[in-house]
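Here the sequence shown is numbered in the working numbering, starting from 493 and rising by one per residue.
Quick reminder that beta carbons are idealized off the backbone N, C-alpha and C, glycines included.
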Amino acid sequence: MIAYIGFGCRVLLAVVFIAAAVSKARGRRDRAEFRASLGAFGVKPRWRSAVAAAVIMCELATAALLAADVTALAGLGVGAALLIVFTMAISSVLRQGTSASCRCFGASTQPLGRRHLVRNAILLLIAAIGVTGTSPATALGWNPAALMVSGFVAVILAALVISYDDLVSALL
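Right under this line is the structure:
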């Protein structure tokens, strides 16, 4: 059972990282807005293109690592490291009182807030749970039906994570 939970955690995180990367890179305007948003995090103008590209590539690489059983633990580790860096950057912006919009999943008018720290903490917990349920040896006896259920639940939960800002705004 724990192996299917680990698989679900991997799917959830992979979908979240793919959505994050694609939403930042899908068009010229999206890329420009993401690059510009890095200024609020203290990234100097000359470094913004490189940092933006690095973030997008790291998100895509994380998703790719999560896809294969043999690299899943590395993907969970890289994903957790990215989430820690993102959390530290958000915390820094909040401490400084700088106004910045969340560009986590593309264009958003929602300013960064504690809810983004909560979302990242939840994703870090999911990565930790994923580690406990991930082992290269677990792939040997997968039940296809259980994998489909686990993956389906993970995609639904990923959709909730991706729309987190909208959900919180609607509730508050």
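Contact holds between the stretch 601–608 and the stretch 580–588, because three or more Cβ pairs, one in each stretch, are under 8 Å apart. Gly498 is not a Cβ neighbour of Gly643, given a cutoff of 8 Å. In the DSSP assignment, Pro537 falls within the alpha helix (DSSP H) that extends over 537–559.
The beta carbons of Asp657 and Ser600 sit closer together than 8 Å.
Taking 4 residues as the minimum length, the alpha helix (DSSP H) runs contained wholly in the stretch 567–653 are 606–624, in order along the chain. Following the DSSP letters along the chain, one finds Gly500 inside the alpha helix (DSSP H) bounded by residues 494–517.
Around the CB of Ala662, fewer than 16 other CB atoms lie within 10 Å, so the residue is classed as exposed. DSSP, read as helix, strand or coil, puts Ser661 in helix.
Excluding its 5 nearest sequence neighbours in each direction, Leu530 has C-beta neighbours in its own chain below 7 Å: Arg540, Val543, Ala544, listed in chain order. By the beta-carbon neighbour count (other beta carbons within 10 angstroms, threshold 16), Thr624 is exposed. In summary, Ser515 is buried, with 16 or more beta-carbon neighbours lying within 10 Å of its beta-carbon over all protein chains present.
Val645 is a Cβ neighbour of Gly500, given a cutoff of 8 Å. Taking every protein chain shown into account, the CB of Arg518 has fewer than 16 other CB atoms within 10 angstroms, so this residue is exposed. Under the DSSP assignment, Phe526 falls in the alpha helix (DSSP H) whose first and last residues are 520–529. In its chain, beyond the 5 residues on either side, Ala619, Gly622, Val623 have a beta carbon closer than 6 Å to the beta carbon of Leu568.
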